[in-house]
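> Numbered according to the numbering used here, the sequence shown spans residues 218 to 954.
Each residue gets a CB set at the ideal place from its N, CA and C atoms; glycine is no exception.
Encoded as structure tokens, here's the structure I'll be asking about.
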Amino acid sequence: MRTMTRDVATAAMLAAVCLTLALPHRADAAPPPPKPQPTAAPDYNYVHFRIAELERQIAERIAQSGDANEVDRQVFGAQINYRIVARSLLKAGREKGPDGAVAILYGHTLADHAAEADELFARLSGFTTVVRDLSRKSDDPQVEAGRRFKVAMDDFAEATQAAADELSSASPDAVDRYLQKMLASMTVAHSAAGGDELRSTWPRAVGATGPTLELADVQQIIALHKEIADLSIPARTKKEMQQIVAMMQQGWPHPEIRPHVVKFYDLMEQAAMVARAFGEASGWLGQQTSDELLDQLHMAVLLVKDPRTREAGVERFDTLSRDLAVMDRLAELDRQAVPIHNMRAAFLKAHELRVKSSDLRTAEALTRLIERATAPMLAYRAMLGGETHATLKRTVLQLGAAYQKEELRLINAMGALTTAPQQVHDPQWSEQIDGLVEKLNRFRRVQTIPKWVDVMNEFKPRPAGGLFRRLTAMANDLSNQDPDTAATANDALRRLDEQAELFLTLPYTEHLIRGDEPVQEVTGGAYSLILDQIDRQRQLLATAWATGDDATANAENLRKLKRLLRAIHLTLSVQRATDLGDRLNRWAAWEVAPTAVHPLMGVLPDRVKQACRFAAVANFPDLETQLAKIERDSALPLLIARLAEDLGPALPQLPDKLGGALSQCLYPPTDTDYAASRRAELAQISVYLMEAEHARISGNAAQFTEVLNYVADLAMHTLNALDATPAVEVVIPMKAQ
């Protein structure tokens, strides 16, 4: 039995902190669109090969350790255990088929860095010599590092021997927990050996500017502790929150614990925001409700603090945060003199049902109803105050009055939910809100007519005259007593709305305007002719609206040109990214041999060049055929180019080599990280690309074709999911911070 040294005590303390600060996976905010349904997933031939390869290496090291000395036996043991972890991931994932791709991905990641891990473990011999050197003082930094390294190696051996059933489900959550448990002590060894600092390789999505790496640092943690101290909340809740933050400060210096600290920072920051809002709640809540909400916050903190109830605590935090968002919306509407008393009463009824646990389903439905109802109400008021064209004022006033009448009807009807909350499950509530949104959209479409006219009148050549007059006539028809006339006008203005995004700005036209050498190469010299076609189709579309003709064909042509511009842009990205495969492998969602990627990227430029030829001569039927072929058969290079472009600023900052592999394995994504909700599909694409490369090297042409066809479906689905934007017309203005 080992002696309890200071290093061992420290390791035990860190293990306790790690256990206390372990959080469930939370990257599930956005559900993916429906997956394509290939006939069957290809076989995992390469996975079988890697498992056999690892088992051969394990057997070799077992044989070599027989005559080795004590230190070398421990080195061989660590090398064996490392490969057992990788093999366990591969086996568990293989049993689940495509659903086990995340486990397989990390199995490959570890296997790819096995030689670097061996070099790390081999450092034990030198550290042992340093520790045993009696001429060195006990507080010598090298002696201290050697002790930490030795303890970490012992802990790594114990961890791998005690986790036989950790991967029974092979779900991403199970994989994350398994890796953190297996590799925590290995990160201590990596740190003691002077390895680079480990950090998340999941860049956080920050909108159009691209993802960046954002981690809480110790100064932010200290500031959070002070923020909690200043909260006007019960002392018992404040004490629990401060204890968690203190453990975060204690764990921050240790790379094996830092992944949990980063997640807990976000969660405690959320808790402080909720606590501050409830502690300063508006008077309409009443003292009892405010106290009950603070009680729920206290219970959420307690649940989160205990690893056994942590998931329930996170769910309760999410509920409280949603309640806070609803309260913010109601408070904003109240400031704008909206008679929201019935919605407040419905909110309080939902809270009452939740506190009593008498009908949680109805409480949830009431909260969702209020969220849906307040969205168009806020959006309508955000549109007020702007200048309205004199010709449209009468119509705008009529549509605004119709909207307000519908809004008041909905608010009045919600009064019944206070005494009979179960009525919220009646479909008529969704119908009423849909009707409110439609009236809002009619109001908005008329308000934006002058903007559309101004944009279209800037086209070169200019469209035919009479555009504003015709659109104004359509707007006036919206308030016509004849329902068919009003419906026809509304349908026409809706189509104009949908087509507006095609001619306001087309993405990536700056490439064609620049016309430099790479653009000339990608377009086959047709870039100026494509610009001419864009101008021509815009002019024809605007003229069709001015003359009352059908603009559908011109809108479709513009849509095809927009798809072509995107393909040109991504092709240029592919050509710029010479080391694309190596750089993407630094990201936790991706692990593919560069040799499997480079040949696939070469097919895209020729296909895009042919599409440019069709566009230059306005051959839109053949352009559509070529674009469909690009988007189907070149979906994978398009996806890889998109990922490289989005992640471009972050990739050079990510750690590589063994430190990078450990970082990828230890830091699971959160729901704010780039492409976190696409994790499963990206893992499948990576795994099957490795299968395709193995089939190519093995001369298995049938398997190679089958796998690439399967990957093409996955890539197209994932690319569409990354490109997708919510198809809604109501936009809630961002709350001022």
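Under a three-way DSSP split, which group does Asp545 fall into?
What you label residue 545 is simply residue 328 of the sequence shown in a count that begins at 1. Residue state, collapsed to three classes: helix.
> In whole angstroms, what is the alpha-carbon distance linking Asn937 and Val672?
In the sequence shown, counting from the first residue as 1, residue 937 sits at position 720. In the sequence shown, counting from the first residue as 1, residue 672 sits at position 455. Going by the C-alpha atoms only, they are around 29 Å apart.
> Cα-Cα, which of Ala717, Ala784 and Ser790 is closest to Trp762?
Locating residue 762 in the sequence shown gives position 545, counting from the first residue. It is Ala717.
> Ala944 to Leu781, Cα distance in whole Å?
Against the sequence shown, residue 944 aligns to sequence position 727. Against the sequence shown, residue 781 aligns to sequence position 564. In this prediction, Ala944 scores a pLDDT of 35, lower than 50, which makes its location untrustworthy; the coordinate-derived value is nonetheless stated afterwards. C-alpha separation (whole angstroms): 22 Å.
> Apart from the five residues just before and just after Val319, which ones in its own chain have a Cβ nearer than 6 Å to its Cβ?
Locating residue 319 in the sequence shown gives position 102, counting from the first residue. So the qualifying residues of the chain are Pro389, Val392 and Ala900.
> Is the CB-CB distance between Leu616 and Leu695 below 8 Å?
Within the sequence shown, the letter at position 399 stands for residue 616. Within the sequence shown, the letter at position 478 stands for residue 695. Taking 8 Å as the Cβ cut-off, Leu616 and Leu695 qualify as a contacting pair.
> Going by DSSP in three states, Arg421 sits in which element: helix, strand or coil?
Here the question's residue 421 lines up with position 204 in the sequence shown. The answer is strand: DSSP assigns Arg421 an E or B state.
> Please report how far the alpha carbon of Gly876 lies from the alpha carbon of Gly412, in whole angstroms.
If you number the sequence shown from 1, residue 876 lands on position 659. If you number the sequence shown from 1, residue 412 lands on position 195. Taking the straight line from one Cα to the other gives about 7 Å.
> I think Gln291 touches Met370, with their Cβ atoms under 8 Å apart; what is that distance to the nearest whole Å?
For this step, residue 291 is matched to residue 74 along the sequence shown. For this step, residue 370 is matched to residue 153 along the sequence shown. Contact holds; Cβ gap of about 6 Å.
> For Val739, I'd like the list of residues in its chain whose CB is within less than 8 Å of its CB, leaving aside the five on either flank, ordered along the chain.
If you number the sequence shown from 1, residue 739 lands on position 522. The residues are Ile785, Thr788, Leu789, Gln792, Pro822, Val825, Lys826 and Cys829.
> Measuring straight from C-alpha to C-alpha, what distance separates Glu862 and His330?
As a first step, residue 862 must be located in the sequence shown, where it is residue number 645. As a first step, residue 330 must be located in the sequence shown, where it is residue number 113. Distance between the alpha carbons of Glu862 and His330: 26 Å.
> Using 10 angstroms around the beta-carbon of Ile847, count the other beta-carbons present and answer buried if the total reaches 16, otherwise exposed.
As a working note, residue 847 is residue 630 in the sequence shown. It counts as buried.
> For Ile445, I'd like the list of residues in its chain whose CB is within less than 7 Å of its CB, leaving aside the five on either flank, ordered along the chain.
Residue numbering aside, residue 445 sits at position 228 when the sequence shown is read from its first letter. If we look at Ile445 and ignore the five residues flanking it on each side, its Cβ neighbours are Lys455, Met458, Gln459, Val462 and Ala489.
> For Ala229, count the other beta carbons within 10 Å of its own beta carbon; 16 or more makes it buried, fewer makes it exposed. Which is it?
Looking up residue 229 in the sequence shown gives position 12. Only weak support is given to the placement of Ala229: the predicted model assigns it a pLDDT of 43, under 50, and the question is left unresolved by the model.
> Grab the span of the alpha helix (DSSP H) containing Thr722 for me, first residue to last.
What you label residue 722 is simply residue 505 of the sequence shown in a count that begins at 1. First-last for Thr722: undefined, no H or E at that position.
> Tell me which residue opens and which closes the alpha helix (DSSP H) that Ser647 is part of.
Residue numbering aside, residue 647 sits at position 430 when the sequence shown is read from its first letter. From DSSP, the alpha helix (DSSP H) with Ser647 extends over Gln645 to Gln664.
> Do Ala562 and Ala580 count as a contact pair if the criterion is CB distance below 8 Å?
Counting from 1 along the sequence shown, the entry for residue 580 is found at position 363. Counting from 1 along the sequence shown, the entry for residue 562 is found at position 345. Not a contact, by the Cβ cut-off of 8 Å.
> At which residue ranges does the stretch 677-727 contain complete alpha helix (DSSP H) runs of 4 or more residues, listed in the order of the chain?
Here the runs fully enclosed are 684-694 and 700-721.
> On the three-state DSSP scale, how would you describe Asp890?
Counting from 1 along the sequence shown, the entry for residue 890 is found at position 673. The answer is strand: DSSP assigns Asp890 an E or B state.
> Measuring only the C-alpha atoms, how far is Cys882 from Glu808?
Sequence index remark: in the sequence shown, residue 882 carries index 665 (1-based). Sequence index remark: in the sequence shown, residue 808 carries index 591 (1-based). Looking at the two C-alpha atoms, the distance is approximately 12 Å.
> When the Cα atoms are used, what is the spatial distance from Ile972 to Asp540?
As shown, the chain starts at 218 and ends at 954. That puts residue 972 outside it, with no answer to give.
> Does Pro638 come out as helix, strand or coil in the three-state DSSP assignment?
Position 421 of the sequence shown, counting from 1, holds the residue named residue 638. In this structure, Pro638 counts as helix in the three-state DSSP scheme.
> Can you give the beta carbon distance from Thr326 to Tyr884, rounded, assuming they're within the 8 Å contact cut?
To locate residue 326, count along the sequence shown from 1; it is residue 109. To locate residue 884, count along the sequence shown from 1; it is residue 667. Contact doesn't hold; Cβ gap of about 13 Å is too wide.
> For the pair the stretch 595-615 and the stretch 636-649, tell me if three or more CB-CB distances fall below 8 Å.
No, because fewer than three Cβ pairs between the stretch 595-615 and the stretch 636-649 fall closer than 8 Å, the two stretches do not touch.
> Let me make sure I understand the geometry here. Which of Val435, Val670 and Asn917 has the alpha-carbon closest to that of Met465?
For the purposes of this step, residue 465 is taken as the residue at position 248 of the sequence shown. Cα-wise, what sits closest to Met465 is Val435.
> What's the C-alpha gap between Tyr261 and Gly317?
Here residue 261 refers to the residue found at position 44 when the sequence shown is read from its first residue. Here residue 317 refers to the residue found at position 100 when the sequence shown is read from its first residue. Cα to Cα, the separation comes out at about 11 Å.
> I believe Ala492 touches Ile450 by the beta-carbon criterion, under 8 Å. Please report the beta-carbon distance rounded to the nearest angstrom.
Translated into positions along the sequence shown, residue 492 becomes position 275. Translated into positions along the sequence shown, residue 450 becomes position 233. About 5 Å; that satisfies the 8 Å criterion.
> Can you look up Val820 in the DSSP assignment and give me helix, strand or coil?
Residue numbering aside, residue 820 sits at position 603 when the sequence shown is read from its first letter. Here Val820 sits in coil by DSSP.
> Helix, strand or coil: which one does DSSP assign to Asp289?
By 1-based counting over the sequence shown, the position of residue 289 is 72. Looking at Asp289 - three-state DSSP - the assignment turns out to be helix.
> Between which two residues does the alpha helix (DSSP H) harbouring Ser402 extend?
Numbered from its first residue, the sequence shown carries residue 402 at position 185. Counting along the chain, the alpha helix (DSSP H) containing Ser402 begins and ends at Pro389 to Ala409.
> Can you check whether the CB of Phe293 is closer than 8 Å to the CB of Gln274?
Position 57 of the sequence shown, counted from the first residue, corresponds to residue 274. Position 76 of the sequence shown, counted from the first residue, corresponds to residue 293. In this structure, Phe293 does not lie closer than 8 Å to Gln274 by Cβ.
> Taking only runs of the alpha helix (DSSP H) that begin and end inside the stretch 807-885, which ones reach a length of at least 4 residues, in chain order?
Correct list: 811-818, 821-833, 837-850, 852-864 and 874-883.
> Kindly indicate the opening and closing residues of the alpha helix (DSSP H) around Ser915.
Stepping through the sequence shown from its first residue, residue 915 is reached at position 698. Arg896 to Ser915 is the extent of the alpha helix (DSSP H) around Ser915.
> Cα-Cα, which of Ala592, Leu614, Leu710 and Ala806 is closest to Glu549?
For the purposes of this step, residue 549 is identified with residue 332 of the sequence shown, where counting begins at 1. Ranking the options by Cα distance to Glu549, first place goes to Ala592.
> Is the distance from the Cβ of Pro259 to the Cβ of Tyr891 below 8 Å?
Within the sequence shown, the letter at position 42 stands for residue 259. Within the sequence shown, the letter at position 674 stands for residue 891. No, these two residues do not count as a Cβ contact at 8 Å.
> In whole angstroms, what separates the C-alpha of Leu201 from that of Leu939?
There is simply no residue 201 to check, as the chain begins at 218 and stops at 954 in what is shown.
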